[in-house]
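Asker:
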Amino acid sequence: MAGTVIGAGSGLDEAELGSRGLTVGTRVFGMRGPSDSRGVAAEVIAISADDLAPIPGETAEEDLPRWAGLALVGLTAIAVVQDTARIAEHETVLIHGGTGGVGQPLIPMALEAGASQVLATGRAANAERIQELGATPIPYDTSDWGEEVQRLTDGRGVDVVLDTHYHSTFLPSLDQLADGGRIVALPSLADLSPALERGIEARVPSIVPGRDRLDRLAQGIRSGRYPLEVSEVPPLAQIAEAHRRLEEGHTRGKLVLDVRA
171 MAGTVIGAGS
181 GLDEAELGSR
191 GLTVGTRVFG
201 MRGPSDSRGV
211 AAEVIAISAD
221 DLAPIPGETA
231 EEDLPRWAGL
241 ALVGLTAIAV
251 VQDTARIAEH
261 ETVLIHGGTG
271 GVGQPLIPMA
281 LEAGASQVLA
291 TGRAANAERI
301 QELGATPIPY
311 DTSDWGEEVQ
321 RLTDGRGVDV
331 VLDTHYHSTF
341 LPSLDQLADG
351 GRIVALPSLA
361 DLSPALERGI
371 EARVPSIVPG
381 RDRLDRLAQG
391 IRSGRYPLEV
401 SEVPPLAQIA
411 EAHRRLEEGH
421 TRGKLVLDVR
431 A
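Note that this note's numbering numbers the sequence shown so that position 107 is 277, with each residue one more than the last.
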């Protein structure tokens, strides 16, 4: 979410709010911790100060949707690259869904972690965007992505697969891993047993909230390192349709609801 601080609970005084940069009137972004299921699709919400960070003051009003979409995808990407996949220097990484909401920050973060080559699947129409983010595009709708991975890695395969799709890509991806490779499936209910039975390291990431990570994302947006794309900003009344579009699995960038519309 992104919004403006309108008040604080009794447990926070003005001095503490000031020390956090969260005084009344401050524009902020963030997300609820994974254990808090209340959501943020409302005009007014109560949320922990620990789950918020200030939006830089020079941010234009029309850029707020990008900040509203940043925390969830950004914190997920950090958890995937830093905590779960533990990408190291000179590794080759395959990302399924390179132009999706999480896929877009995954590419620059994998490169920051030291990956020597990042391959990313996506529709042919989105190949240019994948290149802009720093990865080699593999158009799954006009080519056999598995054959392309083998060609681009000279038959070796990749060290790490980051699978934002899972349902149609998890099993085939196991055959694209180099010896000792590992795979991260993003859906929290992913069945990892096919990989584990083959002795392949497989994990599901857990989002770690926190101000330090939110500040890292803010710095990345300001510097241009994490150029997150917001493709649609429907009004709150269209929330059901927005979820249906997400379930189709072909949305580009982030969908952000505007509760003011």
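C-beta atoms are modelled at their ideal positions from N, C-alpha and C, and glycine is treated no differently.
Counting C-beta neighbours from all protein chains within 10 Å, is the total for R236 16 or more, i.e. buried, or is it exposed?
Answerer: Classification of R236: buried, given that the 10 Å Cβ count is 16 or more.
Asker: Taking the beta strand (DSSP E) that V400 falls in, what are its first and last residues?
Answerer: Its beta strand (DSSP E) spans residues 400-402.
Asker: Under the three-state reduction of DSSP, which class applies to Q346: helix, strand or coil?
Answerer: Correct three-state label for Q346: coil.
Asker: In this structure, how does DSSP classify H266 when only helix, strand and coil are distinguished?
Answerer: In this structure, H266 counts as strand in the three-state DSSP scheme.
Asker: Inspect the beta-carbon positions of A412 and E399 and report whether they are closer than 9 Å.
Answerer: Cβ atoms of A412 and E399: not closer than 9 Å.
Asker: Using DSSP's beta-bridge definition, name the partner residues of T306.
Answerer: Answer by DSSP bridge pairing, in chain order: L289.
Asker: Distance check for R381 and G195, CA to CA, integer angstroms please.
Answerer: Computed Cα separation, rounded: 19 Å.
Asker: Just tell me which of S207, E232, V250, A212 has its CA closest to the CA of V378.
Answerer: For V378, the nearest C-alpha among the options comes from V250.
Asker: List the DSSP bridge partners of L425.
Answerer: DSSP, once it has assigned bridges, lists E402 as partnering L425.
Asker: Could you name each continuous alpha helix (DSSP H) segment of 4 residues or more that falls completely within the region 178-229, going from the start of the chain to the end?
Answerer: Listed in chain order, they are 184-190.
Asker: Using three-state DSSP, classify A280 as helix, strand or coil.
Answerer: A280 falls in the helix class under three-state DSSP.
Asker: Mind reading off the beta-carbon distance from Q346 to V331? Whole number of angstroms is fine, and I expect it under 8 Å.
Answerer: So it is a contact: roughly 7 Å between Cβ atoms.
Asker: What would DSSP say about V354, mapped onto helix, strand or coil?
Answerer: Reduced to three states, the DSSP call for V354 is strand.
Asker: Grab me the residues of R197's own chain with a C-beta within less than 6 Å of its C-beta, minus the 5 sequence neighbours each way, in chain order.
Answerer: Once the five neighbours on either side are set aside, the close Cβ partners of R197 are T174, I225.
Asker: Which one or two residues does DSSP pair with R373 in a beta bridge?
Answerer: Answer is V354, bridged to R373.
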